[in-house]
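Let me begin by presenting the structure, written as structure tokens, before commenting on it.
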Amino acid sequence: MKNTIMIIVAVISLLTSCATSKSGETSKPTAFIQTNAQCGDCKERIEGVLNFETGIIYSNMDLDTKIVEVKYNTNKTSLETIRNTIAAIGYNADDVQAVQSAQSALPGCCQPGGHD
């Protein structure tokens, strides 16, 4: 009987500790950001920068839709920061417009209308 009570207490303790650790986990959402990327060079440039940013777990651009998928750690970065990073590279990111000087510095094929 005493062993049964000890086992029950141990199981309850284990379950409680698992529930506590789960509630403290970091949020790692996935964002889908519309860009104006034009080509494979744009894809490499955006992914190359994002994948080395603090808090970015991974990024992947779909050139057909011009949407970059970004999984990130909310304790280390924010969606706003990610959009601003893309804009600083020279591309629009949802409603954040590209930094004009960065966009002008892109190769001609990567600028808006470069592949029209």
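What the sequence shown shows, in mature numbering (1 follows the signal peptide of the UniProt record, and there is no 0), is residues -21 to -1, 1 to 95, in sequence order.
Ideal Cβ positions, reconstructed from N, Cα and C, are used throughout, including at glycine.
Computed from a predicted model, the values in this text were never measured in an experiment.
Coil, strand or helix - residue i by DSSP
i	result
V49	strand
A16	coil
I9	Here residue 9 is Thr; the residue named in the question, Ile, does not match the sequence. DSSP places T9 in strand when its eight states are reduced to three.
S2	Low confidence applies here, because S2 scores a pLDDT of 49, under 50, leaving its location unreliable and the question unanswered by this model.
Reference residue i, options the options, closest by Cα
i	options	result
V47	T60, E32 and K22	K22
D74	S80, L58, D41 and L85	L58
N54	A77, I61, G19 and G34	G34
P8	F31, G27 and Y37	Y37
I61	S6, S83 and L29	L29
M40	G19, Q79 and G69	G19
E32	T56, G92 and G93	T56
L42	N52, Y51 and I25	I25
Distance CB(residue i)-CB(residue j) smaller than 7 angstroms
i	j	result
Q17	C89	yes
V49	A77	no
A81	A67	yes
N15	N63	no
Start and end residues, alpha helix (DSSP H) containing residue i
i	result
A67	L58 to I68
residue 114	The displayed coordinates of the chain run from -21 to 95. Any statement about residue 114 would go beyond what the structure contains.
### Query
Which whole runs of the beta strand (DSSP E) in the region 23 to 48 are 3 residues long or more, in chain order?
DSSP assignment within the region 23 to 48 yields the following whole beta strand (DSSP E) runs of 3 residues or more, N-terminal first: 35 to 41.
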